[in-house]
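Under the working numbering, the first residue of the sequence shown is numbered 1, with each subsequent residue one higher. Quick reminder that beta carbons are idealized off the backbone N, C-alpha and C, glycines included. Since this is a predicted model, take the numbers as computed values, not measurements. Here is the structure we will look at, set down as structure tokens.
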Amino acid sequence: GEELQLPRIQPRGRKNITSERDRYTGIRQSGPESLRHFKRTFRRALRRQIMSGVYDPSRPRIIFERGDKVYRSWKTVLSPQSNAVIIYMMDVSGSMGSEQKELVRLEAFWIDAWLRRNYQGIESRYIVHDVRAGEVDRETFFRLREDGGTRISSAFRLAKELLETSYDANEWNVYLFHFSDGDNSSESDSRECCRMLSEDLLPQINLFGYCQVASAYGSGNFINVLHEHLPDIDNLITSRVNTKDDIYDSIKTFFMSGR
1 GEELQLPRIQ PRGRKNITSE RDRYTGIRQS GPESLRHFKR TFRRALRRQI
51 MSGVYDPSRP RIIFERGDKV YRSWKTVLSP QSNAVIIYMM DVSGSMGSEQ
101 KELVRLEAFW IDAWLRRNYQ GIESRYIVHD VRAGEVDRET FFRLREDGGT
151 RISSAFRLAK ELLETSYDAN EWNVYLFHFS DGDNSSESDS RECCRMLSED
201 LLPQINLFGY CQVASAYGSG NFINVLHEHL PDIDNLITSR VNTKDDIYDS
251 IKTFFMSGR
């Protein structure tokens with residue numbers, strides 16, 4: 001919720017998406033203790049004790065009773081936003097063991113579900129790759145299993161084509177997410193990926209998020225290549241996921257409020 005949001009969204013394009021936000025709007029007599037309005041509760045308890053004659057100014061002690069407690073109330077409001085598209089890229093190559101594929105699918109699924117829940121009207125595209133990349137529908141994205149080699153640049157190249165043909169940077173907020181174990185076919189392809197990011201993708205998009213899962217068989221070096229060749233890039237965010245317990249922190253890394 002409150003601590004997560006789609007980062008760096010800009011007023012682009014004529015179509016609108018809407019985001020849902022919880023806004024505190026008033027006071028009610030019941031609610032969770034985390035939403036208790038302390039100042040109002042304190043004043044009500046103090047007034048009750050004074051009126052009943054039990055308040056002792058020389059030994060001020062306020063005892064809260066059930067009727068004293070009041071809580072913040074809220075409602076969900078829709079806030080207009082601008083054009084936005086999320087492009088998901090997933091490594092489905094043979095170096096990704098079943099556990100690794102499960103981790104990246106889980107993280108991608110929860111990111112996708114959270115965005116669909118909180119940002120109505122957002123567009124989503126799905127790319128899978130081994131040595132070749134292809135666009136698939138959402139159901140296939142979360143189900144497909146392959147066993148080929150890995151060429152990460154194939155996914156970046158297809159993402160670039162989608163931007164060129166469908167998502168003008170002046171009209172769209174664009175977010176790319178890539179999920180992999182970091183095992184690429186060659187150092188030269190990893191360098192080509194960095195070149196494409198630097199020259200073709202990062203200047204056009206709001207955010208590139210790379211999530212690397214612990215590698216079962218491969219080198220797992222791609223995240224280090226990104227850190228070495230593209231340090232201190234504001235709209236390039238990386239995270240590591242070793243177990244299911246790391247997924248929520250990884251998502252927070254990408255969508256932390258105010259990023």
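Item, Value
"Three-state secondary structure (DSSP) of GLU2", "A caution first: GLU2 carries a pLDDT of 49, below 50, which makes its placement in the model unreliable, though a value can still be read off. In this structure, GLU2 counts as coil in the three-state DSSP scheme."
"DSSP bridge partner residues for ASN173 (one or two, in chain order)", "ALA84"
"Delimiting residues of the alpha helix (DSSP H) encompassing LEU226", "222–229"
"Assigned exposure category for SER188 - 16 Cβ within 10 Å defines buried", "exposed"
"Sufficient close CB pairs (3 or more, under 8 Å) joining the segment 104–117 to the segment 149–163", "no"
"Selected residue, minimal CA-CA separation from ARG230, among SER58, SER73, CYS194", "Position check: residue 230 holds Leu in this sequence, whereas Arg was assumed. Measuring from the Cα of LEU230, the nearest candidate turns out to be CYS194."
"Proximity below 8 Å, CB of GLN29 to CB of VAL54", "no"
"For GLY149 and SER124, believed in contact at Cβ under 8 Å, the rounded distance", "Rounded, the Cβ-Cβ distance is 27 Å, inconsistent with contact."
"Three-state secondary structure (DSSP) of ILE111", "helix"
"Nearest-angstrom Cβ-Cβ length linking GLN212 and SER180, presumed shorter than 8 Å", "6 Å"
"Pair within 8 Å by beta-carbon distance, LEU158 and ILE122", "no"
"Spatial neighbours of HIS37 in its chain, beta-carbon cut-off 8 Å, leaving aside the 5 residues before and after", "ILE27, VAL70, TYR71, ARG72"
"ARG43 versus ASP68, ASP56, PRO32, SER52, residue with shortest Cα-Cα distance", "ASP68"
"DSSP three-state assignment for TYR167, whether helix, strand or coil", "coil"
"Local conformation of ASN242 per DSSP, three classes", "coil"
"Helix, strand or coil at ILE251 [DSSP, three-state]", "helix"
"Secondary structure, alpha helix (DSSP H): runs of 4+ residues fully inside the segment 24–72", "38–52"
"Unbroken alpha helix (DSSP H) run spanning PHE141, endpoints", "138–141"
"6 Å CB neighbourhood of GLN49 in its chain, flanking five on each side removed", "TYR55"
"Proximity to PHE208 [Cα-Cα], best of HIS227, MET196, SER215, HIS178", "HIS178"
"CB contact flag (VAL131, LEU144, <8 Å)", "no"
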